[in-house]
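*Asks:* Submitted below is the structure of interest, expressed as structure tokens.
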Amino acid sequence: MHHDKGLPMRIDLTGTNIEINGELRALVAKRFAKIKRRVPEDVHCEVILAEEHNPKIAEGQKAEANLHIKGGTINAKAHERDMAAAVGRIADEVVRQLNRRGDRARARSRAGADTIRHGHPGSAV
Numbered sequence: 063m064h065h066d067k068g069l070p071m072r073i074d075l076t077g078t079n080i081e082i083n084g085e086l087r088a089l090v091a092k093r094f095a096k097i098k099r100r101v102p103e104d105v106h107c108e109v110i111l112a113e114e115h116n117p118k119i120a121e122g123q124k125a126e127a128n129l130h131i132k133g134g135t136i137n138a139k140a141h142e143r144d145m146a147a148a149v150g151r152i153a154d155e156v157v158r159q160l161n162r163r164g165d166r167a168r169a170r171s172r173a174g175a176d177t178i179r180h181g182h183p184g185s186a187v
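For the sequence shown, the residue numbers in the numbering used here are 63 to 187.
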């Protein structure tokens, strides 16, 4: 679902206990490129990257994404040993949730079409 009008999907990148440098910005842009192609351009996405300084926490790199779309918000969180893996996991989770949302919408559309087509609104086929 790609639209030619409007602003590109906005990604707000923030960091907690971590400096957001060009390398991290490029990593997020690369991993979220497939999401940008699937949503309308006026969508807003917040990506929060954090580093836990507790040595007892092995998976101290944390990433979170909140994608604000029509009909709700998609949220994904991941804890990993390195930031690239954490960003990859949240991007994959957002895609998975977008797919599930689309599948549900198509199923509802098909179910409604069946009942109307047979002239029995509200009855199951």
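Think of the CB as a built atom: it goes at the ideal place given N, C-alpha and C, for glycine as much as any other residue.
Could you tell me the boundaries of the beta strand (DSSP E) in which Arg72 lies?
*Replies:* Looking at the DSSP string, the run of the beta strand (DSSP E) that includes Arg72 is Arg72 to Thr78.
*Asks:* What first and last residue would you give for the alpha helix (DSSP H) that runs through Lys98?
*Replies:* Here the alpha helix (DSSP H) through Lys98 covers Gly84 to Lys98.
*Asks:* Going by Cα to Cα distance, which pick from Met71, Val149, Val156 and Val90 is closest to Asp104?
*Replies:* Residue Met71 is the option with its Cα nearest to Asp104.
*Asks:* Are Gly150 and Arg93 touching if we call contact CB-CB under 7 Å?
*Replies:* Cβ atoms of Gly150 and Arg93: closer than 7 Å.
*Asks:* Where DSSP assigns a beta bridge to Gln123, which residues make up the other side?
*Replies:* Gln123 is bridged to Glu113 and Glu142.
*Asks:* Is it the case that the Cβ atoms of Ala148 and Ala125 are separated by a distance below 7 Å?
*Replies:* In contact: Ala148 and Ala125 (Cβ atoms closer than 7 Å).
*Asks:* Based on the DSSP output, what are the partners of Leu129 in its beta bridges?
*Replies:* Leu129 pairs with Cys107 and Ile136.
*Asks:* Given a cut-off of 7 Å, decide if Leu111 and Gly35 are closer than it, judged by their beta-carbon atoms.
*Replies:* In the structure as shown, the chain starts at 63 and stops at 187, and residue 35 therefore has no counterpart that could be examined.
*Asks:* Helix, strand or coil: how does DSSP classify Val149 here?
*Replies:* Reduced to three states, the DSSP call for Val149 is helix.
*Asks:* When the Cα atoms are used, what is the spatial distance from Ile131 to Ile152?
*Replies:* Taking the straight line joining both Cα atoms gives about 16 Å.
*Asks:* Leaving out five residues before and five after Ile80 in sequence, what residues of the same chain have Cβ atoms less than 6 Å from its Cβ?
*Replies:* Closer than 6 Å at the Cβ level, and outside the excluded window around Ile80, lie Leu111 and Glu113.
*Asks:* Can you list, in chain order, the residues of its chain with a C-beta nearer than 6 Å to that of Met63? Leave out the 5 residues immediately preceding and following it.
*Replies:* Confidence at Met63 is low in this model, with a pLDDT of 38, below 50, so the placement of that residue should be treated as unreliable; the coordinate-derived value is given next. Excluding residues within five positions, none has a Cβ falling inside 6 Å.
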